[in-house]
Structure formats: structure tokens, C-alpha cells
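Written below as C-alpha cells is the structure these notes are about.
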Amino acid sequence: MSVEWTEPAIVLDARPYGEGGAVASVLTESYGRHKGLAKGGSARGNVALWQPGNLIQCHWMARLSDQLGAFTAELVHPGAALAMDDAFALGILSSACAVAEGVLPEREAHPRVFGDLLRLITRLGEGSAVLPEYIAWEELLLREIGYGMNLERCAATGATDALAYVSPRTGRAVSANAAGEWKDRLLRLPSFFLGDRADAGSAQAWADGLRLTGHFLERDAFGLQHKPLPQARVRLEDRVLALLVPAENLELLRNQSDSGVK
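Heads up, the sequence shown is in this note's numbering, so the first residue is 420 and it goes up one at a time.
Printed below as a string of C-alpha cells:
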């Protein structure tokens, strides 16, 4: 007797294995992040199917539930190919797949993470305009794995309005009035985190949002595994920062940001 399932899945990663095969990692709604052996997955005729960001109809089967098992699949939506012509779309897709692959526990269902990522993939044609939704997805991911921020009220005063910063130590919101002399040590909180879309098209707000979620991803989600942020995530943030500063000043800005957050 074998164990098996069939479900839509987002390809997160695929690495060559053996003679033309690949060990693939996918994200599903019911079975979470799941690995399996895709026979012929790195062969010329199949490599496009297993590109990160593709939506596939995936079948997994194994003799025992704790085995690696084998994948077969059909392409449903070529997310990877459709993102190739837009640098921001490709950057968002690559970052999302790398972050999900790096921090989601294997075989643990997170249906909201799957559903929001799927919606994000279908909107990648909008390019950089979907960055607020991508950043919101990272914030959801952090909450789902136990590292969520508390953005409901000010940590110092209890106020629920004028929230403008987040403590890098506790993850709690701080109002503009309460920040005082400490504001340079706090992480800026874009208003789109709180449902106000006024800054959703601002490159500065995108950079602030990526820095905010990136801090907790780096410190907690990846840091506790003794792993760095994926390079795809670093490149995405650099691409947004490049909209704000000349390329030659990018490293200086990053170093200043790192030194200010403790």
C-alpha cells in the first residue's frame, strides 16, 4: 500500500539529482512545504516545468509517509516565464520562493501563506506595484511561523493612532509622539501595513517595509537556523534602494541602516 496526494502546488526550488532527476520542493495548501523526487526534472524537456514560481498540478506518491517520495506534475500557470520580462516581478517571485523554502517547516500546512502567495503570483504583471502585497505576505509569513509583530497599539502609550515605528527588539509598534529621541533606532512603519494605502506607491515606503520585515526574517526566521537571508531577498531590497540612491551609495546606506538598528 502506498500513500499519495494530488493538489495544486507552487514550485519553490528544484535541484538536479542523479541522472536527469531533480529534488523539488513545492508549497501546497493542505500539505505545506513538501519535497519529492521529480524523475527527469532536470532533463531538457522538463526543466521549465520545475522553475520556482510555477503553479503546477502536483501528484506525490511514496511507499511510506516519511519517505522522500516521487513527484509527477502538469503545468497550470507559468509564473516563472511570465516574470522574466520584468525585473521587479522576477525579483519578487525569486525572493518569495527563497524565503518560503528557507523558513516554512516541512509538511506543515499554512493555507493562508499559500493562498496569498498564489494571489501574488497572478498579479506579477503589475511589476513593482505589487511590492506592498509582497511585503504584507512576508509579515503574514512571520506571524504564521511565530515571529509576528504587534502593530495594534503603541508599546509606550497604548494609543492606536499615529503608529509610525516598530521596535527592532520587541516587534511592537511605537507612535510618532512616543518615539522621541529614539526614533533613529526604530524601524519605520509604512502606513500600508495598517490598511492606509496613501504610501503604497512610494519607493521609500517599499524600502521601509522591506527593511522592517527583513529585520525579523534575518534575526528570527533565518537567524535562529544560523542562516543568512537568501540572496534573492537581498537583491530585491537592493533593487528598491537603488530607486532612492545612486548605486555607488547603496552599500553606504545599507551599512548605516544596519548600524542604527540594534
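Glycine included, each C-beta is placed from N, C-alpha and C at the ideal position.
Throw me the rounded Cβ distance for the residue i and residue j pair, which I believe falls under 8 Å.
i	j	result
R542	E552	7 Å
I429	L494	I429 to L494, Cβ: 12 Å. No contact.
L536	A502	About 13 Å; that fails the 8 Å criterion.
V593	A574	6 Å
A489	G455	6 Å
L570	F635	Not quite, the Cβ-Cβ distance comes to about 12 Å (not below 8 Å), so this is no contact.
L655	I511	6 Å
A492	S421	With a Cβ gap of about 17 Å, A492 and S421 do not count as contacting.
A640	Y566	6 Å
G633	L643	With 8 Å as the limit, G633 and L643 do not qualify as a contact, their Cβ atoms being about 15 Å apart.
D603	S610	About 20 Å; that fails the 8 Å criterion.
L629	I554	6 Å
With distances taken from CA atoms, which of the options is nearest residue i?
i	options	result
Y450	L648, L512, E423	E423
F533	A519, F507, Q650, G544	A519
L663	G521, P649, D627	D627
D432	T491, D504, L483, G521	G521
G460	Q470, A441, C477	A441
G472	A517, V585, R638, F635	A517
S513	E438, V653, A661	V653
R658	W625, A578, R638, G642	W625
S621	G565, P435, S547, V466	S547
P435	V445, A457, T425	A457
E525	L608, I564, E558	I564
S484	H453, A499, P497	H453
R607	A583, A598, R616, N596	A583
E426	C477, A462, A443, G464	C477
D580	K602, D615, L560, A555	D615
S444	L468, A661, L539, T576	L468
E557	E545, L539, E600	L539
L560	A619, R572, R531	R531
L523	G437, K602, L446	L446
G544	L660, A661, H496	H496
A651	Q623, M568, L509	L509
M568	Q470, G577, A578, P587	P587
Q470	W601, G498, E448	G498
Where does residue i fall in DSSP's three states?
i	result
H645	coil
D615	coil
S610	helix
R588	coil
R434	strand
A428	strand
A581	coil
Identify the continuous beta strand (DSSP E) that holds residue i and give its terminal residues.
i	result
V653	Element bounds for V653: not the beta strand (DSSP E) but the alpha helix (DSSP H), 650-660.
G455	451-457
A597	First-last for A597: 595-598, but that is the alpha helix (DSSP H), not the beta strand (DSSP E).
L663	Neither: L663 is in no beta strand (DSSP E) and is coded neither H nor E.
A574	Element bounds for A574: n/a, residue is neither H nor E.
S444	440-447
Quick check on the DSSP output: the alpha helix (DSSP H) that includes residue i runs from which residue to which?
i	result
G633	622-635
Using a Cβ-Cβ distance cut-off of 7 Å, determine whether residue i contacts chain C.
i	result
A508	Within the model displayed, chain C is absent; a lone protein chain is all it includes.
Original post:
What are the complete beta strand (DSSP E) segments, minimum 3 residues, inside the segment 462-486?
Top reply: 474-481
Subject >> Complete runs of the alpha helix (DSSP H) confined to the segment 480-567 [at least 4 residues] >> reply: 498-502, 506-522, 530-541, 550-563
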